[in-house]
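Taking the numbering used here, the leading residue of the sequence shown gets 408, the next gets one more, and so forth.
In what follows, a structure is listed as structure tokens, so that the remarks can point back to it.
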Amino acid sequence: MDRKIKKELKLLIKYSKKIIKIADKRIKKLEKLNTSEISKEQQKRIAKSIQAIKADKGK
């Protein structure tokens, strides 16, 4: 039983690290897009979602 739990935890950690890497790439892309091409309202929304993602990573 303990082996199965350890295995699942290892996989969970492995995949969560990959997800964080992907999220970092997406954040960088959004920050690059956050220019005058986008309306002010959308810029605020993007900034809020970036902050939320960064806050979730901190937990």
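Using N, Cα and C, we set each Cβ at its ideal position, and we do this for glycine too.
Taking the CB atoms as reference points, tell me whether Ile434 and Ile460 lie closer together than 8 Å.
In this structure, Ile460 lies closer than 8 Å to Ile434 by Cβ.
May I ask which residues mark the beginning and end of the alpha helix (DSSP H) holding Ser446?
Where Ser446 is concerned, there is no enclosing alpha helix (DSSP H), given that its DSSP letter is neither H nor E.
Measure the CB-CB distance between Lys464 and Ile427 and report whether it falls below 8 Å.
The answer is yes: Cβ separation under 8 Å.
Do Ile412 and Glu438 have their beta-carbon atoms positioned less than 8 Å apart in this structure?
No; because the gap between Cβ atoms is not below 8 Å, this pair is not in contact.
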